[in-house]
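What follows is a short report on a single structure.
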Amino acid sequence: MSKRKFTTEDKLQIIKEASEKGVKVTLEKYDVYPATYYAWRKKFSEMGEDGFRHGVTVKRLREIKSLEKENRSLKELVAEQQLQIKALKEARVKKS
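Quick note: to get this note's numbering, add 75 to the position in the sequence shown (first position is 1).
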């Protein structure tokens, strides 16, 4: 048995149909495993159609989320440092 390939449009149609007519009925109609469907739905909910178009794997998606979290933390750190630098400069000006 060969692996079936679903296009982005197929996946979107299946997700839409499952929400309208029910997951079980739709998956039986298209012969899709529930785990496959839920993985598609998660990718779509987190990344939209881009999740399908770029071949993003679950592992890569986790890595992206981790990097986004790290990026937010670094931005906060930079903002805090900028505030400290500004406060130190203001204190130096007041001393002079």
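Note that CB positions come from ideal geometry on N, CA and C, so glycine has one too.
Buried or exposed (CB count within 10 angstroms, at least 16 for buried), residue 126: buried
The stretch 106–114 contacting the stretch 155–168, beta-carbon criterion three pairs below 8 Å: no
Residue 27: first and last residue of the uninterrupted alpha helix (DSSP H) it sits in: Outside the shown range of the chain, which is 76 to 171, sits residue 27, and nothing can be said about it.
CB of residue 90 within 8 Å of CB of residue 107, strictly: no
Within 8 Å, strictly: CB atoms of residue 136 and residue 124: no
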